[in-house]
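In UniProt numbering, the protein residues as written are 1 to 332. Using N, Cα and C, we set each Cβ at its ideal position, and we do this for glycine too. Just so you know, these numbers come straight off a predicted model, no measurement behind them.
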């Protein structure tokens, strides 16, 4: 029986990278869970709405980090007979759930802030809240530092997104300290709900960013234009490659897929054409480590029946199909 290779077989993250990614998600859950306890006690003692907002944020952090943990675990699974392109879509699916959860909680916070404006209540024992916020800032900074190290070592998109979110939490915690200080003064009770609305806006912004990224991954959005141009330049720069067209790219969680056609002299033997394509494939993988690269070989001068996908070069001196330096733009 012939073994059929799967799409992420050769580019699956190594064991060390996988361990680091899992450890980063475990650390995020542990830190956020600990902060929930401290913030809950502080909110019960102070009654601060701004403190309640950061408590809600920590609850969301735990939910998001658990989803990330599960998504990373599934996404790191190698391709199998039923999922030949791997399991990378688990990450954006978890992202959709995160966006809905965060957005709903932010709207709830806005509603609570509106109620507090019409029925203000003073903030008490603000010193306790400030102390808890300082502890939160120190713990969060430690977590973000570790997450950034993991991102440098693994390039994980999920851990990077989590790191950006927790880095923003540092600013949220600082704003809560300001709100607690101001809200203790006479006539300043409106500051507490105002800061809560600001934090809700921050949460909605995060939800929108997660939603947009997740939808782009699920809809197989192309790589950014600079990356596409880099792929084209690498392929065109290889010896005996006369043209490049039909470039398609997409991402699926930690997995990246690159497909393209290359034009070569029609007199080349099948073996020589294979060697050229193999050289192009390795050059692209060197620039995009772990990518799944699929290359189709065309004889120069062949005008394929894909007018919407083939890129043409109409400059004088080139025969049809010869696009040695054709721009990445669709032809007529």
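- Going by DSSP, residue 140 is part of no beta strand (DSSP E) but of the alpha helix (DSSP H) stretching over 126 to 154.
- In this structure, the alpha-carbon of residue 234 lies about 15 angstroms from that of residue 249.
- Rounded to the nearest angstrom, the gap between the Cα atoms of residue 94 and residue 43 is 30 angstroms.
- Under the DSSP assignment, residue 81 falls outside any alpha helix (DSSP H); it carries neither an H nor an E label.
- Put simply, of 85, 32, 18 the residue whose alpha carbon is nearest the alpha carbon of residue 294 is 85.
- Judged by DSSP in its simplified three-state form, residue 267 adopts coil rather than helix or strand.
- If you draw a straight line from the Cα of residue 281 to the Cα of residue 221, it comes to about 21 angstroms.
- In the three-state reduction of the DSSP assignment, residue 246 falls in the strand class, which pools E and B.
- If you look at residue 74, you'll find it in the alpha helix (DSSP H) that goes 49 to 75.
- Around the C-beta of residue 269, fewer than 16 other C-beta atoms lie within 10 Å, and the residue is accordingly described as exposed.
- Under the three-state reduction of DSSP, residue 286 is assigned to helix.
- Scanning 69, 165, 59 for the CA closest to the CA of residue 38 turns up 59.
- By the Cβ criterion, the region 90 to 106 is in contact with the region 210 to 221, since at least three pairs of Cβ atoms, one from each stretch, lie closer than 8 angstroms.
- Counting the other CB atoms within 10 Å of its CB gives residue 166 a total of 16 or more, which places it among the buried residues.
- Following the DSSP letters along the chain, one finds residue 299 inside the beta strand (DSSP E) bounded by residues 292 to 299.
- For residue 35, the closest of 129, 22, 101, 289 by C-alpha to C-alpha distance is 129.
- Put simply, the backbone Cα of residue 264 is about 25 angstroms away from that of residue 223.
- DSSP places residue 229 inside the alpha helix (DSSP H), whose first and last residues are 225 to 236.
- Under the criterion of beta carbons closer than 8 angstroms, residue 99 and residue 210 qualify as touching, at roughly 4 angstroms.
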